[in-house]
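Residue numbers (my numbering): 327 to 611.
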Amino acid sequence: MELKLEQVSKNFGKVRALEDISITIPTGMFGLLGPNGAGKTTLMRILTTLLPKSGGQISFGEVDWSKTQEVRGLIGYLPQNFSLYKQMKVHEVLDHLAVLKGLQKNRAQIIEQVLQQVNLYDQKDKKIGQLSGGMVRRVGIAQAILGDPPILIVDEPTAGLDPEERIRFRKLLRQLGEHSIVIISTHIVEDIEATCDRAAILHQGKLIAHGYIGELGELAEGNVWHLEVTQDEYYQVADSLHVISSHRVGDRYQVRFLANIPPIGAVPVSPSLEEGYLYLMKESV
């Protein structure tokens, strides 16, 4: 089943925060990418029914988004700032949240299943305050998937995680995306590139591109270049070009940059998602 957004908009007074967003999101990993202020959080709050839309339609099968309680039964949500009582044990937290979600029958079995799913069963008797940041995020996912919702929404999934925890958390999201719609919202391109099949890019409340990850990178085709320069040339290049990355090899610098018309000696290279994203941001200014 697909989640469909048709001409979704949001106004705050005279300010247009979202402008006619139309996307179809199938089962799998889907990313919402954009800088701060792009409208990602507004869209996430609308999808989770925390904020009413000003216009447009959202549907999932026969369910219309105006039926708030029905919609909330379909969605698991992990916000960026997810806090829990540090003195409560993991299984106690999940039991409390399961009750709030209306899960009465087989609650202990359901909690055991989600703990196994997020690889926290051995930590179930630990207090929240004893867990690492990555484990707390996994508890967050565990509460989000209580009741097996078909749609999972995660805001800034790897915020505050160390590199190893980030990899584990991405793997977990990817597994969940095999049978659910998993939407992640972030400004970190690497999170999208490492986990998502498709993505949408928002800028100033507008949908400026969406599609498969490879397709979004290809939007910068012919505008990403590689150039090898001396140290003296590097400082001149850094001031005059839109440099994406650079590293030193011996006494020379390898530079990747965006340009419509490159300097002499530059070689075209295949763009990544990050370069496609940066190109779109540059062109949208």
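Using N, Cα and C, we set each Cβ at its ideal position, and we do this for glycine too.
- In this structure, Gly382 sits away from Ser458, with a CB-CB distance that is not shorter than 7 Å.
- Of the residues Thr350, Pro405, Ala546, Glu516, the one whose Cα lies closest to the Cα of Pro489 is Glu516.
- In this structure, DSSP gives Met327 a state outside helix and strand, which the three-state scheme calls coil.
- Between the C-alpha atoms of Val569 and Gln456 there is a straight-line separation of about 43 Å.
- Rounded to the nearest angstrom, the Cβ distance from Gly466 to Phe408 is 4 Å, consistent with a contact under 8 Å.
- Runs of the alpha helix (DSSP H) spanning 4 or more residues and lying entirely within the stretch 360–437 occur at 366–373, 394–398, 416–426, in chain order.
- Judged by DSSP in its simplified three-state form, Gly357 adopts strand.
- Collapsing the DSSP output to three states places Thr484 in coil.
- The three-state secondary structure of Glu504, taken from DSSP, is coil.
- At the C-beta level, Glu601 and Val555 stay beyond 7 Å of one another.
- Between Pro405 and His513 the beta-carbon gap is near 15 Å, outside 8 Å, which marks them as no contact.
- For Tyr605 and Pro594, the gap between their C-alpha atoms comes out near 14 Å.
- Of the candidates Lys379, Glu547, Ile518, the residue whose Cα lies closest to the Cα of Gly339 is Lys379.
- Counting only the Cα atoms, Lys453 lies some 6 Å from Gln413.
- In the DSSP assignment, Ala468 falls outside any beta strand (DSSP E) and lies within the alpha helix (DSSP H) extending over 459–470.
- In the DSSP secondary-structure assignment, Leu446 is not bridged to any residue.
- Here DSSP, grouped into helix, strand and coil, assigns Ala564 to helix.
- The stretch 425–442 makes no contact with the stretch 361–375: fewer than 3 CB pairs, one atom from each, lie closer than 8 Å.
- Within the stretch 523–560, the runs of beta strand (DSSP E) that reach at least 3 residues and sit entirely inside it are, in chain order, 524–529, 532–538, 550–556.
- Around Pro483, the same chain offers Phe495, Leu499, Ile510, Thr512, Asp517 as residues with beta carbons nearer than 7 Å, after the five sequence neighbours per side are excluded.
- DSSP, read as helix, strand or coil, puts Ile477 in strand.
- Gly402 is a Cβ neighbour of Ile471, given a cutoff of 7 Å.
- Per the C-alpha coordinates, the member of Leu329, Ala564, Leu542, Leu545 positioned closest to His552 is Ala564.
- Sorting Ile349, Leu329, Lys330 by C-alpha distance to the C-alpha of Ile534 places Ile349 at the top.
- In terms of Cα proximity to Val416, the closest of Lys427, Leu376, Gly399, Arg464 is Arg464.
- In the displayed model, Lys340 falls within coil according to three-state DSSP, outside both helix and strand.
- Met607 has its alpha-carbon roughly 14 Å from the corresponding atom of His536.
- In its own chain, leaving out the 5 sequence neighbours on each side, no residue places its CB closer than 7 Å to the CB of Gly399.
- Secondary structure of Pro489 (DSSP, three-state): helix.
- Arg524 counts as buried, since no fewer than 16 other beta carbons sit within 10 angstroms of its beta carbon.
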